[in-house]
Each structure stands twice: as C-alpha cells, then as structure tokens.
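Chemist: Submitted below is the structure of interest, expressed as structure tokens.
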Amino acid sequence: MINIFWFRRDLRLHDNAGLCQALQSGLPVLPLFIFDSDILDALPSRQDARVEFIHTALTGMQRELEALGSTLLVRHGKPAAVWQAILQEYPVQAVFTNRDYEPYAIQRDQRVQALLAERGIQFHTSKDHVIFEKDEVLKDDGKPYTVFTPYSKKWKTRLYSRMETVVLEDGRSEARPSYLQPHPTEKYFSNFFACAPAPAPTLAEIGFAPSGIAFPPPTVSSGLIRQYEATRNFPAQPGTSRLGVHFRFGTISIREKAQRALALSETYLNELIWRDFYSQILGHFPQVVTQPFKPAYAFIPWRDAPADFERWCAGKTGYPIVDAGMRELNATGFMHNRVRMITASFLTKHLLLDWRLGEAYFAEKLLDFDLASNNGGWQWAAGCGTDAAPYFRVFNPEEQTKKFDPEYKYIRRWVPEFGTPAYPRPMVEHKFARERCLATYKKALNGEL
DNA sequence: TTTTGAGTTGTTCGA
DNA sequence: GTCGAACAACTCAAA
Numbered sequence: 053m054i055n056i057f058w059f060r061r062d063l064r065l066h067d068n069a070g071l072c073q074a075l076q077s078g079l080p081v082l083p084l085f086i087f088d089s090d091i092l093d094a095l096p097s098r099q100d101a102r103v104e105f106i107h108t109a110l111t112g113m114q115r116e117l118e119a120l121g122s123t124l125l126v127r128h129g130k131p132a133a134v135w136q137a138i139l140q141e142y143p144v145q146a147v148f149t150n151r152d153y154e155p156y157a158i159q160r161d162q163r164v165q166a167l168l169a170e171r172g173i174q175f176h177t178s179k180d181h182v183i184f185e186k187d188e189v190l191k192d193d194g195k196p197y198t199v200f201t202p203y204s205k206k207w208k209t210r211l212y213s214r215m216e217t218v219v220l221e222d223g224r225s226e227a228r229p230s231y232l233q234p235h236p237t238e239k240y241f242s243n244f245f246a247c248a249p250a251p252a253p254t255l256a257e258i259g260f261a262p263s264g265i266a267f268p269p270p271t272v273s274s275g276l277i278r279q280y281e282a283t284r285n286f287p288a289q290p291g292t293s294r295l296g297v298h299f300r301f302g303t304i305s306i307r308e309k310a311q312r313a314l315a316l317s318e319t320y321l322n323e324l325i326w327r328d329f330y331s332q333i334l335g336h337f338p339q340v341v342t343q344p345f346k347p348a349y350a351f352i353p354w355r356d357a358p359a360d361f362e363r364w365c366a367g368k369t370g371y372p373i374v375d376a377g378m379r380e381l382n383a384t385g386f387m388h389n390r391v392r393m394i395t396a397s398f399l400t401k402h403l404l405l406d407w408r409l410g411e412a413y414f415a416e417k418l419l420d421f422d423l424a425s426n427n428g429g430w431q432w433a434a435g436c437g438t439d440a441a442p443y444f445r446v447f448n449p450e451e452q453t454k455k456f457d458p459e460y461k462y463i464r465r466w467v468p469e470f471g472t473p474a475y476p477r478p479m480v481e482h483k484f485a486r487e488r489c490l491a492t493y494k495k496a497l498n499g500e501l
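Quick note: the first sequence, position 10, residue 62 per this note's numbering, numbers continuous.
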C-alpha cells in the first residue's frame, strides 16, 4: 500500500504542511499533480503564462524527486476521472493534500473526497496556503471580521499567542510564533515512494504554447523589505516584492515570508495579512465572486460601452499613467500595485464600467492572479467592497502621476509616444467624469435608480 | 443595549 | 506652496 500526496497550489517540497504530514504517515508517499482540464479548457488563451509557470515548477520538483529516487506523477484530465484511473493503478490507503479555499476547489475536493470514501480511502487536508484560515480569526461574538484594521489586530494577537523558542545557528535562541514554524519536510524525504521516473506531459501535450512572459525569481532581498514602505508606491522603481505568483502557486512558503516580514517591515507584514483577510472574506461571503460585498451597490447603472472597455484594455485611454499600467500588464503579466489602483479606479469611476469587467481582464492577464485578492481589490476600487471609505474617493490620474511618477519614468517606459502627436487625447475629461461618477453613485445609493 | 471611535492607499477648494 | 475642512453618512467593532 502507498499514500498519495496531491499537489495543487503548493508546488514545493520544503516547508509544505500537507506533504510533511503525508511523509510521516508510515507508508511510502507518491506525489501527484493533475492538470485539471476543467480549469485549462476554460482559459481564454492557449498561451497562458500561469500554465507555463506551473509546468516549470513541476519540472523542478520532478528533478528533485528523481534525485531522491522517487518521481512526480503528472496527469492531465478531469480530476474525478484521473483519480479513478490512479486508484486502478496503485493500492492507495490514504490521500493527503493542502486545502484550497476557492469555490471551485472546494466543490472539486468534496467530489474527490466522496469518490475516495466509496473505496474506503481517507482524504487528509492541511492548512498551508495561509497563516490563518477563515475561522481562526473571528470577532469575540464568533462572527467574521469585515473591516481590515481590527482583523489585522486580532490576527497579530493570535500570531503572538503561541510562541516557541528556536535555537539559531550561532547558538543563541529566539522566541518565534509557532504558527510560522516551518514544517520540516526534508527530515522525511526518505519516505517518498521509490520508483522509476514517470514521464510527465510536455506543455504542448497539455495543449499550451510558451507565453514569452518572464517569471520573477522566488526571492526578495532584506533590503527591499526594509525599504518597502518608502519605495513600494513608485512604479518606476523595483520597490515591490513581485512574489505574488509564488504565493499563488506555493513555490514559496507563506510562513517563511511572514517570519521575515515580522523582523523587517510592519508594512510588508500587513500586505501578507491582507492576503489572509481577503481569503477569509471569500470563504465567508462567497457571493462576492459575482455580487458587490455591499448590496446597495448592485443598483449602480454601469455603462454599456464595449469600445471604451477596449480602449482601457489596450492602454489607449489618453491618460498616460493608466495606459502605462495597462501596457505593462499586457506585455509582462504584471502591473505595479499603485497602478492597479489607478487603472481600476479609472475603469469603474471615470468610465463607469462594471468592476467585474476589469476583474475578469486582470484575471486573464495577471501572472499572480488570485481570486480572493483580485476580487477584493476590484471591489475596493469600485467602492462596493469591505472598505469603509467613501465612494467619492476618485483617483485623479494627473495627481497620482505627480505624486508617484513625477519624472514620467514609468510612463515613458511603457508609453514611448507620450508627448508626441501620435498619443491620443484623453477619452473622457477628468472633471466631467468625476462629477458624472459622483452623481451616479449618489443616486444609486439613495435608491433613486 | 448603548455609546464611542474609527475606517488601506484621495481630491478639491478656499484661506 | 501649504494646510485643514469638506466631501455623507454609515457601519463596524469593542467597551
């Protein structure tokens, strides 16, 4: 008999909670990854950098596992069908995996768990993707938080409520939060199932072509984290970590990064807490996937203007900071955080286009796309999210440029024709757009529409 | 139950 | 240029 560890959004061998548990289960562990055709077939393009990223990460793990005398089983198909095939091929006692909190994943895992249960096979799940799951940080009345600041306070209280003494390499000892302790997977590497390498499908075999998009490294310097608060808002500078895609697919450990953040930057730690915050919002309020978090905002009459949406997508709005952001996204699969806010505000408030359009476009293009964070960010930009701030906070693209790209470095990098006759005029005048937005929101929220 | 303080990231206007 | 108030009123969280 063997046990199987099922990789999904946790593509690493080190400090992997579920894998560590599996390796301690007493049976040889065969690692598995499934390219889920339900997900892949729904992607709009056959050149998807995320699929390529996953494929690259799997190749790396495959190499590590072969060096350990084992292998990574990589299959392609609908999860239920793949599992049925695997259970025909291997005598499986139990399956281990890390929990995934997105609605589709929850449903998929319920089905797989039922399928396994019919055959008497246990399905063990672990927390790995977040520091705290949705029911670990709750108000005193047992209900979920919907405002970030009190959530973050309770999050930190909980983090520091359990400490362990750790002996460092130089012999000194230090107290560290138990929740951030690494899972020592490598101690149990001898428990992988010993077998010949199993051939994995190529990118082409699962139906995809290389995207041409470069992947950021899974590392960030301590200097950057220390300077994060001072530099993160300037898109021309490399002041942000670019670790998003690695968090998304688990090629780095959230615990390790949180431990470093604790030592180096409160601001950076807060960003990691935001990740948990939006994950628990999605878990408790899954309707946010299609509906505004604040129900009253469902009555805003978004404009129906496909041509305007196309101009926004293409980076041809005539507002250089907006266009620079959209072109960076289209070219690299990444957009600087500050510019994500500006472009999102522009779409929802200047153009009065439905935030779900922008959300879907980012979902298609962003290498680091994460449902919970992307949805939370877009609802925030549209004013309909958990943020208590007023809806009349309309970003002025020119003011934002003055503050965050005063020398037009970022703009010139992505909009070389800026300042020449080839650059388009603004597609909508700022003052007019601002007033139209405020009037429309006000009416809708007063129930006059 | 009531009260109180506060809420990621902003802009505009007038003194 | 700089500063504070207004933008509106509401809901959340905790005491």
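The C-beta atom is built at its ideal place from N, Cα and C for all residues, glycine as well. Computed from a predicted structure; not experimentally measured.
CB Phe386 to CB Leu334, shorter than 8 Å?
Modeler: No.
Chemist: Would Tyr330 be called buried (16 or more neighbouring beta carbons within 10 Å of its own) or exposed?
Modeler: buried
Chemist: Hey, which unbroken runs of the alpha helix (DSSP H) at 4 residues or more fall wholly within the stretch 295-376?
Modeler: Whole alpha helix (DSSP H) segments, 4+ residues: 296-301, 306-316, 318-336, 358-366.
Chemist: Going by DSSP, what residue range makes up the beta strand (DSSP E) through Asn150?
Modeler: 144-150
Chemist: Can the beta-carbon of Lys495 be found less than 8 Å from the beta-carbon of Val446?
Modeler: no
Chemist: Taking the alpha carbon of Leu65 as the point to measure from, which residue in Ile56, Leu92, Ser89, Met113 has its own alpha carbon closest?
Modeler: Met113
Chemist: Hey, Pro80 and Asn243 are a contact pair by Cβ (cut 8 Å); roughly how many whole angstroms apart?
Modeler: 6 Å
Chemist: CA-CA distance, Glu188 and Lys461?
Modeler: Each residue's Cα considered, the two are about 44 Å apart.
Chemist: Asn55 bridges to which residues according to DSSP?
Modeler: Val81, Ala146
Chemist: For Phe175, which beta-bridge partners are listed by DSSP?
Modeler: Partner(s): Val147.
Chemist: Check whether the stretch 410-425 touches the stretch 97-112, counting contact only when three or more Cβ pairs, one atom from each stretch, lie closer than 8 Å.
Modeler: yes
Chemist: Would you call the stretch 362-382 and the stretch 456-471 in contact, with 3 or more CB pairs under 8 Å?
Modeler: yes
Chemist: Rank Thr453, Ala440, Tyr443, Ala119 by C-alpha distance to the C-alpha of Cys247 and give the top, closest one.
Modeler: The candidate whose alpha carbon is nearest that of Cys247 is Ala119.
Chemist: Sort Pro449, Glu362, Ala169, Trp407 by Cα distance to Gln431 and report the nearest one.
Modeler: Trp407
Chemist: The beta strand (DSSP E) that contains Ala266, what's its start and end?
Modeler: Careful: Ala266 lies outside any beta strand (DSSP E) and carries neither H nor E.
Chemist: First and last residue of the alpha helix (DSSP H) that includes Pro202?
Modeler: It spans 200-212 - the alpha helix (DSSP H) in which Pro202 sits, taken as one unbroken run.
Chemist: So, are the CB atoms of Gly437 and Phe286 less than 8 Å apart?
Modeler: Remark: C-beta atoms of Gly437 and Phe286 do not approach each other more closely than 8 Å.
Chemist: Sort Asp457, Glu451, Ala424 by Cα distance to Ala157 and report the nearest one.
Modeler: Ala424
Chemist: So the alpha helix (DSSP H) Arg465 belongs to, where does it begin and stop?
Modeler: 461-466
Chemist: If we require 3 or more residues per run, which beta strand (DSSP E) segments fall completely within the stretch 95-139?
Modeler: 125-129
Chemist: Distance check for Ser89 and Leu255, CA to CA, integer angstroms please.
Modeler: Taking the straight line joining both Cα atoms gives about 13 Å.
Chemist: What did DSSP end up calling Asp88 once you bin it into helix, strand or coil?
Modeler: strand
Chemist: Can you find the residues in the same chain that come closer than 6 Å, C-beta to C-beta, to Phe87, ignoring five residues on each side of it along the sequence?
Modeler: His128, Ile258
Chemist: If we call anything under 8 Å between Cβ atoms a contact, is Asp67 one with Arg307?
Modeler: yes
Chemist: Three Cβ pairs or more, each shorter than 8 Å: is that satisfied between the stretch 309-323 and the stretch 273-284?
Modeler: yes
Chemist: Gly121: which of Ala250, Glu216, Gln76 sits nearest, CA to CA?
Modeler: Ala250
Chemist: Taking buried to mean at least 16 other C-beta atoms within 10 Å of its own C-beta, is Arg60 buried or exposed?
Modeler: buried
Chemist: Please check the pair Phe245 and Ile106, which I expect to be a contact at CB under 8 Å, by giving their CB distance rounded to whole angstroms.
Modeler: 22 Å between Cβ atoms; not a contact.
Chemist: Could you check which residue in Phe85, Gly370, Lys309, Ala252 has the C-alpha nearest to that of Asp360?
Modeler: Gly370
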